[in-house]
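Just so we're on the same page, my numbering is the position in the sequence shown counted from 1, plus 10. All residues carry an ideal CB built from backbone N, CA and C; glycine is no exception.
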Amino acid sequence: MLKKIIIFFAGAILIVLFVALYYKNEVKEEKIYHIMDQMRLTLDSQLKSHQMEDLEVALLLSKNEGLINALENDDEDLGYKILDNITKSIQENTGVRMRAQIITKELNIFARSWDDIYAGMPIGDYRLDLKYFNTHTNPRTSIEIGRRLGIKATVPIYKNGNFLGFVEVISFFKSITDFFSSMGVDLYVLLDVKHTDTAVLMMENLTIDEYVLSNRNYNYAHLRTLNHIDFKELKLNGVVYANKKYIFYENMKDGNGKIIGGFVFVLPKRYLDYFRNPEDDISFLINVTRSSLYDVSKEEKYENNIYKDYSAKSMVYLQDVIDKEDRQLFLDEAYEKFDKYSKDELIQMMLDRKIVKKIDGKIK
11 MLKKIIIFFA
21 GAILIVLFVA
31 LYYKNEVKEE
41 KIYHIMDQMR
51 LTLDSQLKSH
61 QMEDLEVALL
71 LSKNEGLINA
81 LENDDEDLGY
91 KILDNITKSI
101 QENTGVRMRA
111 QIITKELNIF
121 ARSWDDIYAG
131 MPIGDYRLDL
141 KYFNTHTNPR
151 TSIEIGRRLG
161 IKATVPIYKN
171 GNFLGFVEVI
181 SFFKSITDFF
191 SSMGVDLYVL
201 LDVKHTDTAV
211 LMMENLTIDE
221 YVLSNRNYNY
231 AHLRTLNHID
241 FKELKLNGVV
251 YANKKYIFYE
261 NMKDGNGKII
271 GGFVFVLPKR
281 YLDYFRNPED
291 DISFLINVTR
301 SSLYDVSKEE
311 KYENNIYKDY
321 SAKSMVYLQD
331 VIDKEDRQLF
341 LDEAYEKFDK
351 YSKDELIQMM
361 LDRKIVKKID
371 GKIK
């Protein structure tokens, strides 16, 4: 009799444990898919927010009489000077480094805020998205492929009803990547490698599966994991689990709705508890505000970055001795440091550099 009672209670305990474990896994899976949905919604919100901010600036620039007159009179030097002054003023007062450019109606570069050396260069072959304006007159902002992948807010410029060209404000996912990083989520912006014939400035970027990395401030810590997952499974299911990390996927589309790549989010398992349960609050992403989480994710991101302590001037000399596999890490850090210098300071830095050429050969 005692034996039967023991067996009964043992069986009951096993059933309870099984049910509890099953329920726990179901709740966890529900939370993971809820996080995936909220990642996508948050990405969409961030993209729209930045697109609208860029569009607002582009609209204002399109009404600037100085720029309009410079474009009408083909005065490239004046156009660059006006753009340079406006963007510098924005950076000084807001801390935001903005990129703006003027394009002629013949699809040539007229002026760019970040340099004055490519005026007159044709870009029609790279900017197929500009064909949209053959049949439309309204402004447009979208993710587009140029010589680099970016968010482009494009506004036609008119004077007295005559079409003169375009003004564009361009951004490259840096602030969006930083936004997700502050929550412990690492974002990777991936462009289908078949588009590198157009995105020529990205040909040397790192690749993952059949994609080329587009954002420069990505976290290096997860690259090994991403290079070993099945992307077909990831795209099919929207989420995979590998190396104690949850990896989420969302399609990336251009202004015509064509899929040109994807957004990949990486969330380490140990950060899962920082997110609220689905039933608590649909805006659970706002709950991730603990400074410790940001510090940990930031430390992981840069723990292998051996170049962060070098000055910009030192990196000018280092560039010729960097191994190929370390070159992307070196370039990303160099871009961040060089961005703090003016064009004149960068030119002087290069002039001060002692260039040594080594010639290999035999004396006959």
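Who are the Cβ neighbours of residue i in its own chain at under 6 Å, not counting the five residues just before and after it?
i: Y281; result: G194
i: D135; result: none
i: M213; result: T206
i: K162; result: E154, E178 and I180
i: Y198; result: Y228 and V274
i: P278; result: K255
i: R50; result: E260
i: N118; result: G130 and P132
In the DSSP assignment, find the alpha helix (DSSP H) that holds residue i and state where it starts and stops.
i: F182; result: Note, F182: premise wrong, no alpha helix (DSSP H); not H, not E.
i: E75; result: E75 to E82
i: G89; result: E86 to T104
i: F241; result: F241 to N247
i: R234; result: L233 to L236
Got a sec? Which residues, its chain only, sit under 8 Å from residue i by beta carbon, not counting five neighbours each side?
i: G105; result: none
i: G76; result: L88 and I92
i: D264; result: D139, S152, I153, E154, I155 and I270
So, is residue i buried or exposed, given that buried needs 16 or more other C-beta atoms within 10 angstroms?
i: L274; result: Per the sequence shown, residue 274 should be read as Val rather than Leu. Per the 10 Å Cβ criterion, buried.
i: F173; result: exposed
i: N237; result: exposed
i: E154; result: buried
i: M131; result: exposed
i: L244; result: buried
i: E102; result: exposed
i: L70; result: exposed
i: Y90; result: buried
i: T52; result: buried
i: D5; result: Limits of the chain in this structure are 11 at one end and 374 at the other, which puts residue 5 out of reach.
i: M62; result: exposed
i: T187; result: buried
i: I127; result: exposed
i: L140; result: buried
i: L81; result: buried
i: L200; result: buried
i: T147; result: exposed
i: T114; result: buried
i: N225; result: buried
Can you name, in chain order, every residue of its own chain whose Cβ lies under 7 Å from the Cβ of residue i, other than the five neighbours on each side?
i: N261; result: I269 and G272
i: R157; result: Y136, A209, V210 and L211
i: E97; result: It should be pointed out that residue 97 corresponds to Thr in this sequence rather than to Glu. Counting only Cβ-Cβ distances below 7 Å, and skipping sequence neighbours, we find M108, A110 and S123.
i: M46; result: G248, V249 and F258
i: S72; result: V165, I167 and V177
i: D202; result: E220, Y221, I270 and G271
i: I100; result: V106 and M108
i: F143; result: P166
i: S55; result: none
Could you check where the beta strand (DSSP E) with residue i kicks off and where it finishes?
i: D202; result: D196 to D202
i: G160; result: L159 to K169
i: R122; result: I119 to R122
i: R150; result: R150 to I155
i: G130; result: First-last for G130: undefined, no H or E at that position.
i: T114; result: R109 to T114
i: E260; result: K255 to K263
i: V210; result: Careful: V210 lies outside any beta strand (DSSP E) and carries neither H nor E.
i: Y136; result: Segment: none, Y136 is in no beta strand (DSSP E) and carries neither H nor E.
i: Y228; result: Element bounds for Y228: n/a, residue is neither H nor E.
i: L282; result: Run containing L282: none; DSSP gives neither H nor E here.
So which of the options has the shortest CA-CA distance to residue i?
i: W124; options: I42, L93 and G134; result: L93
i: G175; options: L233, I78, A231 and N74; result: I78
i: K255; options: V203, D196, D219 and L65; result: D196
i: V222; options: I186, P149 and L159; result: L159
i: V67; options: E116, L81 and S181; result: S181
i: F258; options: T235, D264 and N266; result: T235
i: K242; options: Y228, I218, L233 and S224; result: I218
i: D85; options: Q61, H44 and A121; result: A121
i: K184; options: H44, K169 and L57; result: L57
i: N95; options: N118, L200 and N74; result: N74
i: K169; options: S224, E220, N83 and L246; result: N83
i: F189; options: K41, S59 and D47; result: S59
i: R150; options: K141, L138, L140 and T164; result: T164
i: V276; options: N215, H232, D139 and E40; result: H232
i: K204; options: N215, L216 and E220; result: E220
i: I42; options: G265, D202 and Y251; result: Y251
i: I133; options: I112, S152 and T145; result: I112
i: G267; options: D283, G171 and S152; result: S152
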